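Chemist: Let me begin by handing over the structure; questions about it come next.
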Amino acid sequence: MEAAFGATALLHPFKTQNPLLLPQAKLPDKAKYPSLKRVRSCSISSISTDKEPVLAEDWSRLLKLSIGSGNFLLGQAIHAFLIKSNSTNDAFQGNNLLNFYAKFNELGDARKLFDEIPVRNTITWTTLIKGYLDNEDYKSVFGITHDMCFYGEKFNEHTCSVILEACREEEDLIRGGQIHGFVIKSGIQQNVFVGTSLISMYSTSGFLNEAEKVFDNIGFKDVQCLNYMIFQYGKAGCMEKAFRVLVDMLSSGLEPTDYTFTNIISTCSENVGIDEGRQLHGLAVKFGVVNVTSLGNALITMYGKLGMVEYSERMFYSMSEKNLISWTALISGYVRSGCGENAVHMFLELLDQGIYCDSGCLVTVLDGCSECRNLDLGVQLHAFVIKVGHLCDGNIVTALVDMYSKSDNLTSAKIVFDGFSNKNIALFNAILVGFMVTKRDDNEDAMVLFHQLRLGGIKPDLVTFSRLLSLSANQACLVKGKTLHAYTIKTGFEAELTVSNALITMYAKCGSIKDACQMFNGMNGHDSVSWNAMVSAYSIHGQGKMALLLFKEMKSEGIAPDEITTLAILQACSYNGLWQDGICLFNEMESNYGIRPVIEHFACMVDLLGRAGRLPEAMNFINNSPFPDSPLLWRTLVSVCKLQGDLGFGMLASKKLLDLSPAEAGSYILVSNTYAGSGMLDEAAKVRTAMNDLNLSKVAGCSWIEIDNKVHCFVASDNDHPESREIYAKLDLLMDEIRWKNCDTKNAHFIGEIV
DNA sequence: CTAGGGTTAG
1 MEAAFGATAL LHPFKTQNPL LLPQAKLPDK AKYPSLKRVR SCSISSISTD
51 KEPVLAEDWS RLLKLSIGSG NFLLGQAIHA FLIKSNSTND AFQGNNLLNF
101 YAKFNELGDA RKLFDEIPVR NTITWTTLIK GYLDNEDYKS VFGITHDMCF
151 YGEKFNEHTC SVILEACREE EDLIRGGQIH GFVIKSGIQQ NVFVGTSLIS
201 MYSTSGFLNE AEKVFDNIGF KDVQCLNYMI FQYGKAGCME KAFRVLVDML
251 SSGLEPTDYT FTNIISTCSE NVGIDEGRQL HGLAVKFGVV NVTSLGNALI
301 TMYGKLGMVE YSERMFYSMS EKNLISWTAL ISGYVRSGCG ENAVHMFLEL
351 LDQGIYCDSG CLVTVLDGCS ECRNLDLGVQ LHAFVIKVGH LCDGNIVTAL
401 VDMYSKSDNL TSAKIVFDGF SNKNIALFNA ILVGFMVTKR DDNEDAMVLF
451 HQLRLGGIKP DLVTFSRLLS LSANQACLVK GKTLHAYTIK TGFEAELTVS
501 NALITMYAKC GSIKDACQMF NGMNGHDSVS WNAMVSAYSI HGQGKMALLL
551 FKEMKSEGIA PDEITTLAIL QACSYNGLWQ DGICLFNEME SNYGIRPVIE
601 HFACMVDLLG RAGRLPEAMN FINNSPFPDS PLLWRTLVSV CKLQGDLGFG
651 MLASKKLLDL SPAEAGSYIL VSNTYAGSGM LDEAAKVRTA MNDLNLSKVA
701 GCSWIEIDNK VHCFVASDND HPESREIYAK LDLLMDEIRW KNCDTKNAHF
751 IGEIV
């Protein structure tokens, strides 16, 4: 490549700014530099001293040596020699010295030297710019670039690479674009250094398309460049392109490095399949890089994400050099695979070995505790965290709040939450889980907290809105839901798919199918969650036909139904007497849609058959299912027998249920209610007594309604409400009306049950 | 002759 190109015109905007005044070159103050005597004590044995002349190349080599070995004194000594031999005016020696000071980050000395060099060339300028770049002084980089233009100095590939790096760091795409234009105009876009710098700048700023164009124009792409492109493709989720680059690299005979595999594995392991994953592992072995610790760590993580934690284990134990990340990766794999016990065990082993455990590792272990519901160890870890002084770490505090929240221990979650002053949105989202999980009637309102945080200047994100909406949906609180909807519109989060989906569910559960529908129809696009939400909405609103219609539409749009879709459809069929459709769907789930029914589907089918009045079939269905001894299925059968008022089957099913789950209060209550519903009050009382003898009790279920911001809560048969008498009177009236309108009074058994 | 690019693992 020819040396240089005029860049002045292109960088015109710099031109009018203050030019740097270049002083006359003058010799440095000799007193500042070490004496020759001292230089000799640096044991420069390879230099012949005063007798023989030293070649310019030798000085250059020695300066490189001083940089490579970090020996600043040696470089200074050489500087002194060069002053003595009057060689500093030479551009070659001057540049070498300049580079030396720049590399040692002595920008003051570098600048002084630069000003003293009488004849500067492109290399001189580039070296100085690079010095400021390494010093992260981007203002000076651009300032000197401007001066370089002003003095008509030519830019070459080296200069461009350096300036582009500064543009990347400052995310200055205006200057970067100017350089890019210059690069194209001067025909150096094929240069792999310039190309990689441009790719780095564009992809860091999120312009992968631009980066890709640059990539395609590079003449010869070396491994470094290819590795980087793999990394960026993978990070952007373009897995196929990342693999394409790898394949091209291999077929062109270039040898991949450990980075090649670490990059592709770490960025793609979320989506990589078992086959690809193992092939990558195999290639890493083949190219002899598998022993690199970071690559091993990436493999541990990959296997963990693939659900093959035993491979993670094997990887871990085969590694010759492990570090804390290896341990954390394996623990994380255990957590992900639901092996919380192993995760905890591994952590204790880590402590035993006396390895320092950082906050990232603690967070992973805390996640393990919440995953395996090991609150005992979680509490111990909490103590440990306090002891080692990590309670000021936001990530750890969030993990603790998350753990207590998921363990239905909102009180502890709140204590940790309140005790941390530097709150952020992740922490708030974690405690929302606590509000979602807790069943108790909590006076603390998530919405109040939400407003406090907003006042504190913390911005909600889409997780916040999804969770708050889910909360108001479960509380069936339309007012809160609508308030939140307004917030999402104001903040622009309404357009986010997860938020829109949460809004559909909120409106459906709060009783407004119309708003749910409007939400669904107003969206820009739907994912499977949107469809599921809308199908469920119709289902719980008793509009089975609409649910089935939407199901058809969903399929014609090319969206594959999943477990949730089919469950919602089965429910819709069950509630709406569409039992033939339900049976049909259940039978073709696996063959048509590749969905293997899980226990919830079976429970739904029991309900469906029972509601269709086919109780013997329902019982057969359970016995022939993969879960003949599942309390869930028998409980469902007992419920539906009660609903049908079929005492014979009800008793059969009840007996089986009590055999299967003798320690569950819910089962006793259900059975007792079945007897009571058929008028067998003595039998009912016996079951209740048996339950009490076992010291079982169940928190009473309650219903509630919110009127004018006040929640009115009701438990069966209670008289707590101030207007209790009026309410019961109205209920009696309603019951009469139902009996009058519907001679079949079976449904009336709902009223007057013991709970 | 002297100056230039990049990404790691939880």
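Mapping to the UniProt record's numbering: the first sequence position 19 is 19, numbers consecutive. We treat Cβ as the ideally placed atom computed from N, Cα and C, and that holds for glycine. No experiment lies behind these values; they were computed from the predicted model shown.
Find out if the Cβ-Cβ distance for the pair ILE599, THR566 is shorter than 7 angstroms.
Modeler: no
Chemist: Skipping 5 residues on each side, what residues in its chain have a beta carbon closer than 7 angstroms to that of GLN190?
Modeler: If we look at GLN190 and ignore the five residues flanking it on each side, its Cβ neighbours are ASN217, ILE218 and GLY219.
Chemist: Please confirm whether ILE446 and THR398 have their CB atoms less than 7 angstroms apart.
Modeler: It should be noted that the sequence gives Ala, not Ile, for residue 446. Not a contact, by the Cβ cut-off of 7 angstroms.
Chemist: Please classify GLY456 as buried or exposed, where buried requires at least 16 neighbouring CB atoms within 10 angstroms.
Modeler: exposed
Chemist: Verify whether the separation of the beta carbon atoms of SER539 and ALA568 is less than 7 angstroms.
Modeler: yes
Chemist: In the DSSP assignment, what are the bridge partners of PHE714?
Modeler: SER703
Chemist: Could you compute how far the alpha carbon of LEU306 sits from the alpha carbon of SER252?
Modeler: 30 angstroms
Chemist: Using CA atoms only, rank isn't needed, just tell me which of PHE384, LEU449 and ASN395 is closest to LYS414.
Modeler: LEU449
Chemist: Let me know if ALA684 comes out buried or exposed under the rule of 16 or more other beta-carbons within 10 Å of its beta-carbon.
Modeler: ALA684 comes out buried.
Chemist: If we count Cβ pairs, one from each stretch, closer than 8 angstroms, do we get three or more for the region 620 to 630 versus the region 642 to 650?
Modeler: no
Chemist: Would you mind sorting GLU270 into buried or exposed? The rule is 16 or more other CB atoms within 10 Å of its CB.
Modeler: It counts as exposed.
Chemist: For a quick check, are the C-beta atoms of TYR101 and ALA110 less than 7 angstroms apart?
Modeler: yes
Chemist: What is the residue span of the alpha helix (DSSP H) that residue 776 lies within?
Modeler: The structure shown does not extend to residue 776, since the chain spans only 1 to 755, so no value can be given for it.
Chemist: Relative to the C-alpha of PHE104, which candidate in GLY68, GLU116, ASP115 and THR126 has its C-alpha closest?
Modeler: The shortest Cα separation from PHE104 among GLY68, GLU116, ASP115 and THR126 belongs to GLY68.
Chemist: Return the chain-ordered list of same chain residues with a C-beta closer than 6 angstroms to the C-beta of LEU36, the five sequence neighbours on each side being excluded.
Modeler: Residue confidence for LEU36 is low, a pLDDT of 33 falling below 50, so the modelled location carries little weight and cannot support an answer.
Chemist: Using CA coordinates, which residue listed in ASP402, LYS439, SER556 and ASN422 is at the minimum distance from VAL433?
Modeler: ASP402
Chemist: Is DSSP giving PHE155 helix, strand or coil here?
Modeler: In the structure shown, PHE155 sits in a strand (DSSP, three-state: E or B).
Chemist: Quick check on ARG168: does DSSP put it in helix, strand or coil?
Modeler: helix
Chemist: Let me check understanding here. Comparing Cα to Cα, which of THR127, SER332 and VAL479 lies closest to PHE155?
Modeler: THR127
Chemist: To the nearest angstrom, how far is the alpha carbon of LYS459 from that of ILE425?
Modeler: Going by the C-alpha atoms only, they are around 7 angstroms apart.
Chemist: Are GLY368 and ALA343 close, meaning C-beta to C-beta below 7 angstroms?
Modeler: yes
Chemist: Could you tell me whether the Cβ atoms of TRP125 and GLU157 are closer together than 7 angstroms?
Modeler: no
Chemist: Here's a check: name, in chain order, each residue in its chain whose Cβ is nearer than 7 angstroms to the Cβ of GLU737, leaving out the five neighbours to either side.
Modeler: none
Chemist: What ranges does the alpha helix (DSSP H) occupy inside the region 179 to 217, keeping only unbroken runs of at least 4 residues that lie completely in it?
Modeler: For the region 179 to 217, whole alpha helix (DSSP H) runs of length 4 or above, ordered along the chain, are 192 to 204 and 208 to 217.
Chemist: Distance, Cα to Cα, LEU82 vs TYR132?
Modeler: 24 angstroms
Chemist: Which whole-angstrom value is the C-beta distance of VAL119 and ILE129, which I expect to be below 8 angstroms?
Modeler: That belief does not hold up - the Cβ atoms of VAL119 and ILE129 are roughly 18 angstroms apart, past 8 angstroms.
Chemist: If you scan the region 504 to 530 from start to end, which runs of the beta strand (DSSP E) of 3 or more residues do you find wholly inside it?
Modeler: none
Chemist: Along the alpha helix (DSSP H) that carries LEU375, what are the first and last residues, could you check?
Modeler: Counted as a single uninterrupted DSSP element, the alpha helix (DSSP H) harbouring LEU375 occupies residues 375 to 387.
Chemist: Using the rule of at least 16 other Cβ atoms within 10 Å of the residue's Cβ for burial, across every protein chain shown, is ASN673 buried or exposed?
Modeler: The residue is buried, with at least 16 neighbouring Cβ atoms inside 10 Å.
Chemist: Can you tell me which of the three DSSP states LYS37 falls into?
Modeler: With a pLDDT of only 32 at LYS37, under the threshold of 50, the placement of this residue in the model should not be trusted, and no figure is reported.
Chemist: For ARG336 and ILE230, what's the separation of their Cα atoms in angstroms?
Modeler: Whole-angstrom Cα-Cα distance: 26 angstroms.
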